[in-house]
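For reference, the structure is listed below as structure tokens.
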Amino acid sequence: MKPILKLTEIRKSFGAVRALKGVSFELLAGEVHALLGENGAGKSTLIKVITGAHLPDGGKLEVAGAEVSHLSPSKARELGIACIYQQPALFPDLSVAENIALRLKKTGIFSRVRWQQQRANAVELLQRIGAEISPDSEVRSLSMPEQQLVEIACALGSGAKIVIMDEPTASLTQKEQHLLFKVVRDLRASGVGVVYISHRLEEIFALADRVTVLRDGESVGTNAVDTLTESQMIKLMVGREVASIYPPCEGAPGKVVLSLKNLGCAASGVKGVTLDVRAGEIVGMAGLVGAGRTELARILFGITPADTGEIVLDGAKITISNPGEAIARGIAYVPEDRRRHGVILEMPIAQNMTMAIHPKLFPGSILRFKAESLLAANFIRDLGIKAYGPEAPGGSLSGGNQQKVSVARWLATEPKLLILDEPTQGVDVGAKSEIHKIIRGLAKDGLAVLMISSDLPEVLGMSDRIAVMRGGEMVGVIDKDQADAHSVMAAALGTNGKEVAI
Amino acid sequence: MPALVAAIGIALIIISRQIDISIGSQFSMCAIIAGVTAASGLPLGVSIIAAIGAGAMMGALNGVLVAYLKLPSIVVTLATMVTWQEALRLWQQGRLLSLPDGIQWFGLSQPVGQTVVISIAFILLIGAALAMKHLSAGRFIYAIGTDAEAARLAGIDPKRTTFGVFVLMGALAGLAAVLNLVQSPQVQPNCGDGLELKTIAAAVVGGVAISGGRGTLFGVLLGMLLLANVNPALTHFHQPPYWEKAIQGLVILLAVLADGLRSRKNQL
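Line by line, the protein sequences are chains B and G.
Per my numbering, residue 1320 is the first one in the first sequence, and the count goes up by one each step.
Per my numbering, residue -6 is the first one in the second sequence, and the count goes up by one each step.
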């Protein structure tokens, strides 16, 4: 059978980060092909290449046997490629029928709206996927899964030959899931090729014909699903040996610095988190994207304050209702996505580093430039930041060095607890191990460190204990000597308590 | 000179990534309040404080709506602009208000009074420029204008900072109104019309980025001086003076365009 979609040696880099290092992938008509991989393995980048959102740096992309060189999103749609995202992208104030009609064909601005035909069309499509949604209801009033079904109807109606589904079941109930499975099987039966992305292994077994596993931007193989066991799949995903390049932990941890009891926040979906972090200890936080780890950090930093449970810091029960309060109490948070919020790129690094300590460093709020550049020079030296000086704008530094600036800003507050959110995301290998050394050094100096990371080897290599979150809850705390890639991944995926054989 | 004082405020507003188009109305309102209090026989000092206080309060209203209720500043200040304008129209019925003696040039001779007005404007400009560089508050204004979320994550309170900038804007509009008032024997209820256009144009042509986070008050001074020459230039070339506002509008458009091109280049 000829593949309807074929990718050969696709490469894509973002700055110094090589997101795809020559991935090959093919999709047959009438097949459900699952794409599996850890966070950051390159799945989303691959999808964006297929939908034309990213132009690959190299490699070949063929649709129905014909090579396509400059794929744009609109061209992808013409070629029959449709993508259903986790977050439906519909117009909330228009009706279902209007949304579907908008998606189906391009009309001129003065062409008449054929309401009857538009409605009939929507009814037919919704029936085909068995969705009980009125075509006249406003999209705003629909639930998330219903909106997803509308997206699928759009894809179906546009005659898509290649349908990509990105974690479509993430927010669905059991019943809606079954409905969706049926729709996917119907699509397959009618000769559509489906690229199916999910973290839930049981879905992949239930639906997919073949599975391609991505790891670190490379494909580690395509297999027929029925030749693999769940455990083999996990092994393919995590695969790597945990190298011994991580700095060793030294000394026993001290007293408990932070203690969380049943902490929760309804608004951000975190519930019942209980965890202790001791001085001199690095607690790694593992879990899938959206498991509630960043949300927990944001609670601790007062961005979305907790509404249940208690936070005990240094033996005293406290509440934290805004970042200023968190800083005053000795909590520091190095956010993920430093390009946007960790470092102000237009500002010199010295100004970035003192951003959180104005009241302390500048009494009377009069800036003292000497003190500022001295502090910056010290951090530049201590953390080995490569910059031409304290006056270099944040944007002129490489990713790893920006991250160090972000860390420096928070060390300047002399915190008791340092929360790091994806500290080495998008950082090249050399800078990564430097940052690891810095973090370990800080712990050695008695800082309590909570490190969120989606990089499994990093979590395993750096942490003294590993806390795993799933669906907003803490599902387990694993000691360093008992933790391995399998146990952490299995806990994060929640393989329904099934024994994961190694 | 009064416009320069208002331009200091508008520059801070734009640097913090907001806009205030109600400053013309604030200016008129403050001028009339100062004029009415002066006409009722109260001492000049009271009029000055009343004008600045009224400006600060109008600024505070904008500030609460923008910073704490998170409404877009363009809509908020459009609404307050019209509100103050129409309130003034109702109150004064468009009358010219004659000022008592002793108000013009602060009761001094014209050359001395002029010197006082110019000195106040320049002292304020230099003071504000120093504050932007040497006070935490100045740094915070640049920070929230560049990336409010990053600033918030660094423990800065963007709401309080934004609110403060609006209050300062109002107070400066009040002071500008006073400096304008003392230059003539009468005051008109529409004396602030077009001030927003003039000051925003001066700020953007002086290098204040309309997208926030960048700009200096020295640049605003240069922008003001440049625009002040538009009218004499029109006269020199025997063109009707009506072109002045069109040129100011065009200047804003060009500055926004330049800023847009610049940030697009940064994205690529």
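Glycine included, each C-beta is placed from N, C-alpha and C at the ideal position.
Which residues in the same chain as residue i place their Cβ atom closer than 7 Å to its Cβ, once the five residues preceding and following it in sequence are excluded?
i: B/Gly1795; result: Val1787, Ala1810
i: B/Lys1590; result: Gly1583, Gly1791, Glu1792
i: B/Pro1487; result: Ile1403, Gln1467, Leu1499
i: B/Ile1663; result: Asn1671, Gly1713
i: B/Pro1667; result: Pro1709, Glu1710, Ala1711, Pro1712
i: B/Gly1384; result: Lys1321
List the whole-angstrom C-beta distance separating residue i from residue j, where the pair is believed to meet the contact cut-off of C-beta under 8 Å.
i: B/Arg1529; j: B/His1352; result: 5 Å
i: G/Leu146; j: B/Tyr1652; result: 7 Å
i: B/Pro1642; j: G/Gly148; result: 5 Å
i: B/Ala1669; j: B/Ala1695; result: 4 Å
i: G/Ser112; j: G/Asn55; result: About 29 Å; that fails the 8 Å criterion.
Quick one: what's got a C-beta closer than 6 Å to residue i's C-beta in the same chain, skipping five residues either side?
i: B/Leu1736; result: Val1576, Leu1577, Ile1650, Ala1767
i: G/Thr76; result: none
i: B/Val1539; result: Val1532, Leu1555
i: G/Gln78; result: Ser18
i: G/Leu190; result: Gln241
i: B/Val1557; result: Leu1775, Ala1804, Met1808
i: B/Lys1817; result: Here the model assigns B/Lys1817 a pLDDT of 43, short of 50, so the residue's position is not dependable, and the following value carries that caveat. Cβ neighbours of B/Lys1817 beyond the five flanking positions: none.
i: G/Gly199; result: Gly212, Val213, Leu215, Gly216
i: B/Pro1411; result: Val1458, Arg1459
By a C-beta neighbour count over all protein chains shown, 10 Å radius and 16 as the cutoff for buried, is residue i buried or exposed?
i: B/Gln1722; result: buried
i: G/Ala114; result: buried
i: G/Arg132; result: buried
i: B/Tyr1707; result: exposed
i: G/Ser102; result: exposed
i: B/Ser1414; result: buried
i: G/Leu123; result: exposed
i: B/Met1463; result: exposed
i: G/Ser91; result: exposed
i: B/Ala1820; result: Residue placement at B/Ala1820 cannot be trusted, given a pLDDT of 36 that sits under 50; the coordinates are not used to answer.
i: B/Arg1789; result: buried
i: B/Glu1386; result: exposed
i: B/His1677; result: buried
i: B/Glu1665; result: buried
i: B/Gly1634; result: exposed
Note the first and the last residue of the continuous alpha helix (DSSP H) segment covering residue i.
i: G/His229; result: 223 to 229
i: B/Thr1673; result: 1668 to 1673
i: B/Lys1723; result: 1718 to 1730
i: B/Asn1581; result: Element bounds for B/Asn1581: not the alpha helix (DSSP H) but the beta strand (DSSP E), 1575 to 1584.
i: G/Thr70; result: 66 to 85
i: G/Ile270; result: This structure cannot speak to residue 270 of chain G, because chain G is shown only from -6 to 261.
i: B/Lys1379; result: Segment 1377 to 1382 is the beta strand (DSSP E) holding B/Lys1379; no alpha helix (DSSP H) there.
i: B/Lys1735; result: Taken as a continuous stretch (DSSP letters only), B/Lys1735 belongs to no alpha helix (DSSP H), as it is neither H nor E.
i: B/Ile1366; result: 1362 to 1369
i: B/Ala1696; result: 1688 to 1701
i: B/Lys1554; result: 1549 to 1557
Suppose the cutoff is 8 Å on Cβ atoms and the five residues either side in sequence are ignored; what does the same chain contact list for residue i look like?
i: G/Arg82; result: Pro182
i: G/Ile109; result: Per the sequence presented here, residue 109 of chain G reads as Val, with Ile not at that position. Counting only Cβ-Cβ distances below 8 Å, and skipping sequence neighbours, we find Trp98, Phe99, Leu101.
i: B/Gly1371; result: Leu1390, Ser1391, Pro1392, Ser1393, Lys1394, Ala1395, Ile1400
i: B/Ile1754; result: Gly1719, Gln1722, Lys1723, Val1726, Pro1742, Thr1743, Val1746
Less than 8 Å separating the beta-carbons of residue i and residue j?
i: B/Lys1480; j: B/Gly1588; result: no
i: B/Ala1348; j: B/Gly1512; result: yes
i: G/Gly106; j: G/Val175; result: yes
i: B/Phe1344; j: B/Leu1365; result: yes
i: G/Ala24; j: G/Gly185; result: yes
i: G/Leu161; j: G/Gly253; result: no
i: G/Ser9; j: G/Thr192; result: no
i: B/Gly1536; j: B/Ala1360; result: yes
i: G/Met217; j: G/Leu71; result: no
i: B/Leu1611; j: B/Ser1640; result: Just to set this straight, residue 1611 of chain B is Gly in the shown sequence, not Leu. Contact: no.
i: G/Ala196; j: G/Ile26; result: no
i: G/Ala130; j: B/Ser1806; result: no
i: G/Ile42; j: G/Leu165; result: no
i: B/Asn1697; j: B/Gly1628; result: no
i: B/Arg1507; j: B/Glu1350; result: yes
i: B/Pro1624; j: B/Glu1600; result: no
i: B/Arg1617; j: B/Leu1632; result: no
Taking the beta strand (DSSP E) that residue i belongs to, which residues open and close that run?
i: B/Glu1328; result: 1322 to 1333
i: B/Met1770; result: 1767 to 1771
i: B/Ala1635; result: 1635 to 1637
i: G/Asn183; result: Run containing G/Asn183: none; DSSP gives neither H nor E here.
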